[in-house]
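Enquirer: Residue numbers (the numbering used here), protein chains in the order written: chain A, 96 to 310; chain B, 2 to 11.
1. Spatial neighbours of residue 203 of chain A within its chain, please: C-beta separation below 7 angstroms, excluding the five flanking residues on both sides.
2. Just to confirm my understanding: we take residue 196 of chain A, look at its own chain, exclude 5 residues before and 5 after, and list those with CB closer than 8 angstroms. What are they?
3. Where are the alpha helix (DSSP H) runs, 4 residues long or more, that stay fully inside the stretch 123-208 of chain A, in chain order?
4. What did DSSP end up calling residue 231 of chain A once you bin it into helix, strand or coil?
5. Can you pull out the residues from the stretch 140-156 of chain A whose beta carbon lies closer than 7 angstroms to at least one beta carbon of chain B?
6. Can you tell me where the alpha helix (DSSP H) holding residue 291 of chain A begins and where it ends?
7. Using 8 angstroms as the cut-off, can you tell me whether the stretch 226-245 of chain A makes contact with the stretch 180-198 of chain A, which would need three or more C-beta pairs spanning the two stretches below that distance?
8. Please tell me whether residue 183 of chain A and residue 129 of chain A are closer than 8 angstroms, where the distance is taken between their beta carbons.
9. Return the first residue and the last residue of the alpha helix (DSSP H) that residue 308 of chain A is part of.
10. Against residue 186 of chain A, what residues of chain B qualify as contacts under a CB-to-CB distance less than 9 angstroms, listed in chain order?
11. Measuring alpha carbon to alpha carbon, tell me which of A:105, A:167, A:104 and A:240 ends up nearest residue 310 of chain A.
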């Protein structure tokens, strides 16, 4: 495993730790999109169906279990925890899941490397992950106050795929891996979707101002 | 088989 891949996994893990900290310690999920969190559960469940069938490494299996467990528990807190659920911005988190799930599923049926259940689900998870942040970004745009934790959470989540892009470049040139258009292009799209957010995040950080996205 | 790149990423 190269340093970019590790950095990607660690920023991803850190983003989840940050969100869980906000939920568990602050008892708040204000500014967090339940829609996006539910999409991540679908992403992990469909991508990690191979967990029981194929063993890559201890690291790999543990991380998969952590991503599955934490994403499900985040959704549980936001939906059912009696204090946390009251902080959820239900009225502004109105993005419809189906508008993302359905096109991604159809695309996965049409464009995949092999028409098998595992392969189609894996491809679907990559397409869905690329766009899963959209409800969260819409929610941020509608929020007047974006707290630091939420801003940092979204930033780390975006940085994770950017590191993966570097990892793929490294693997292709240094480790002579194959061309993998499906993860590469969806990863590129995923990172590009954050471009606007990155711009305002870095700007607010440089000017020591509170993060605010223009409507 | 070499058609599949192993899915060893997360």
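Note that the Cβ used here is the ideal one computed from N, Cα and C, for glycine as well. All figures in this text were calculated on a predicted structure; none of them were measured in a lab.
Expert: So, from the listed chains and residues:
1. 215, 218, 219 and 222
2. 134, 137 and 223
3. 129-142, 153-175 and 193-205
4. helix
5. 145, 151 and 155
6. 290-301
7. yes
8. yes
9. Here residue 308 of chain A belongs to no alpha helix (DSSP H), and DSSP marks it neither H nor E.
10. Within 9 angstroms Cβ-Cβ: nothing; residue 186 of chain A doesn't reach chain B, min ~34 angstroms.
11. A:240
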